[in-house]
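Protein chains in written order, with the working numbering: chain A, 21 to 305; chain B, 21 to 305.
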């Protein structure tokens, strides 16, 4: 399935991700429009040829003209926006997003949209530790995962268009998961690891340590630089799963510590062997 | 202080690190000798021009001829070796090592060596997740930390020779720490992070997750591929410090989890802000 070049694409929220989407889609010949909070962002996008037109207002015509709309907003702002303006979309419009949690979002958005306007959740698993349109760069999608989370309310056609969007943006691996499976996966692979990085930073305040930091420690804590508004919102939306992952991880760490305390070297070695074997599965294929 | 080119250097243990030392020092014009466990390792080193001569035996003359000796062995084997063969070193010989823990090692080795033979502990903070001389490569020292851990028993001259060795090998940052400060630093920056990576691998056995792994998760768990014999030995040698670091980290993780459980978003955000600020100090200068 190809997305025809005369389709009009609206991006709501021109940050790091929204900006990178705009850059890529404009370069590929689509008419890209944008609604975002700050005029300076629109100016930047226009100057850099990333969009055809943009506004900080709710432009009913721009919304009604969109064939495809991508939302790159904080979750609660996304929901509010659809509550207030979802009614302006035309029948047949396809709406997707970039939100990092799905269960608290997909059902709500689908329920809020008018008949004939489809929402298919998507999670582009790409990002940087920097923000804003100035840092946007379509290169960051290369080889990354793009996960589409349809429900039984979605048509096959809309799901395929959503997946094609991911491929067009350059994602290496475009797959489908239910919102539930997505949130379980992301709770372990992404959210738990961010929690670990944060706790590692807050548990030791010795500033002298920086002098001796190696690359392993830098790699491990790269994600400790964290946007607290966005991540606290994502954590709370997936709280039950994340809490259970934190408990499972904390239990294993305690098992390792107990083994040390009791000189139980065999248990330590066994955990290390399991770790080594399991880690091999995660190598890039 | 320069290390004169006519100095004979003995390397005991030709693995990843020992092999990389041999490669670099031979290239720079030193006579490098080696004692190691397997004949195939000696053969490899000779074929690749990494050493002048080597043996799997205890060659008393080779030991007595050494001006500088570097030990790259497991800690307990290092101690046994010195117990049995330390007497063969000549007066004025300078001995150093690559062991990742210092408190349980430095005093013991210094006490075992004959009068006039100096041991200065050193920790080259470089490594890979692979082993053996076949993977050795002096490039891995570039920009890394080399920490020398002298005691009041060491002469200034020997300490300077040891530091010069680190600079010659290409380390970017050659510093001194007491064995105690070294072990505290390494307990947090290296050992705790290895424990975290292991627990992260053992706490979830869902093989499907690999499909969705992003680079953040790969970075975080690169060190989960771990040599269980070496690391369990290093952990046990630094057990008191490591246990206390694990408790401090576990406490912060629990604090974050409790904040989630009680919808205390302000505490979560505060921890994230501290994390973000502190992580900025660890960026490469």
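Cβ coordinates follow ideal geometry from the N, Cα and C atoms, glycine included.
Check, Outcome
"Counting only beta-carbon atoms, is residue 70 of chain A nearer than 7 Å to chain B?", "no"
"Looking at the secondary structure, which residues open and close the alpha helix (DSSP H) in which residue 240 of chain B lies?", "235-241"
"Using a Cβ cut-off of 7 Å, pull out every chain A residue sitting near residue 139 of chain B, in sequence order please.", "Residues of chain A passing the Cβ test: none, with the nearest at roughly 22 Å."
"Quick one: using the 10 Å Cβ neighbour count with 16 as the cut-off for buried, is residue 21 of chain B buried or exposed?", "exposed"
"Tell me the start and end of each unbroken beta strand (DSSP E) in the region 60-143 of chain A that is at least 3 residues and wholly inside, in chain order.", "73-75, 88-91 and 114-117"
"Could you work out which residue in B:146, B:280 and B:152 is closest to residue 167 of chain B when comparing CA atoms only?", "B:146"
"If we cut at 7 Å on Cβ distances, does residue 259 of chain A have a partner in chain B?", "yes"
"Rounded to whole angstroms, what's the CA-CA distance from residue 303 of chain A to residue 238 of chain B? Just pull it up for me.", "8 Å"
"Can you tell me whether residue 226 of chain B is buried or exposed, with buried defined as 16 or more other CB within 10 angstroms of its CB?", "exposed"
"Where are the beta strand (DSSP E) runs, 3 residues long or more, that stay fully inside the region 152-188 of chain B, in chain order?", "165-169"
"Using a Cβ cut-off of 7 Å, which residues of the region 128-159 of chain B contact any Cβ in chain A, in chain order?", "145"
"Quick one: what does DSSP say residue 54 of chain B is sitting in, helix, strand or coil?", "strand"
"Output yes if chain B places a C-beta closer than 7 Å to the C-beta of residue 269 of chain A; else output no.", "yes"
"When Cβ atoms are compared, which residues of the region 49-66 of chain B fall closer than 7 Å to chain A?", "none"
"Which residues bound the beta strand (DSSP E) around residue 29 of chain B?", "28-32"
"To the nearest angstrom, how far is it from the Cα of residue 72 of chain B to the Cα of residue 148 of chain B?", "26 Å"
"Terminal residues of the continuous alpha helix (DSSP H) containing residue 287 of chain B?", "285-300"
"Please list, in chain order, the residues of the region 238-256 of chain A that have any C-beta partner in chain B closer than 9 Å.", "238, 239, 240, 241, 242, 243, 244, 245, 246, 247, 248, 249, 251, 252, 253, 255 and 256"
"Around the C-beta of residue 299 of chain A, are 16 or more other C-beta atoms found within 10 angstroms, so that it is buried, or is it exposed?", "buried"
"Give, in chain order, every residue of the region 207-227 of chain A whose Cβ lies closer than 8 Å to some Cβ of chain B.", "208, 209, 210, 212, 213, 215, 216, 217, 218, 219, 220, 221, 222, 223, 224, 225, 226 and 227"
"Given a cut-off of 7 Å, decide if residue 120 of chain B and residue 254 of chain B are closer than it, judged by their beta-carbon atoms.", "yes"
"With 7 Å as the threshold, decide whether the Cβ of residue 298 of chain A is near any Cβ in chain B.", "yes"
"I need the straight-line Cα distance from residue 259 of chain B to residue 204 of chain B, nearest angstrom please.", "11 Å"
"Since residue 218 of chain B is in the alpha helix (DSSP H), which residue starts that stretch and which ends it?", "213-222"
"Taking 7 Å as the CB-CB cut-off, is residue 94 of chain B touching chain A?", "no"
"Under DSSP, the beta strand (DSSP E) around residue 196 of chain B begins and ends at which residues?", "193-196"
"For chain A, is any of its Cβ atoms less than 7 Å away from the one on residue 198 of chain B?", "no"
"Look up residue 21 of chain A in the DSSP assignment and say whether it is helix, strand or coil.", "coil"
"Would you say residue 192 of chain B faces chain A, with C-beta separation under 7 Å as the test?", "no"
"Does any residue of chain A bring its CB to less than 7 Å from the CB of residue 40 of chain B?", "no"
"To which residues of the same chain is residue 53 of chain B closer than 8 Å at the C-beta, ignoring the five residues directly before and after it?", "28, 29, 30, 31, 71, 72, 73, 74, 82, 85 and 86"
"Residues in the same chain with beta-carbon distance under 8 Å from residue 36 of chain B, minus the five sequence neighbours each way, listed in chain order, please.", "147, 148, 150, 151, 152, 153, 155 and 156"
"Interface residues of chain B around residue 285 of chain A at Cβ under 8 Å?", "252 and 256"
"What residues of chain B sit near residue 274 of chain A, judged by a beta carbon separation below 8 Å?", "270"
"Contact criterion: CB-CB distance below 7 Å. Does residue 187 of chain A meet it with respect to chain B?", "no"
"Can you name the residues of chain B whose CB is closer than 9 Å to the CB of residue 234 of chain A?", "145, 146, 147, 164, 165, 209 and 210"
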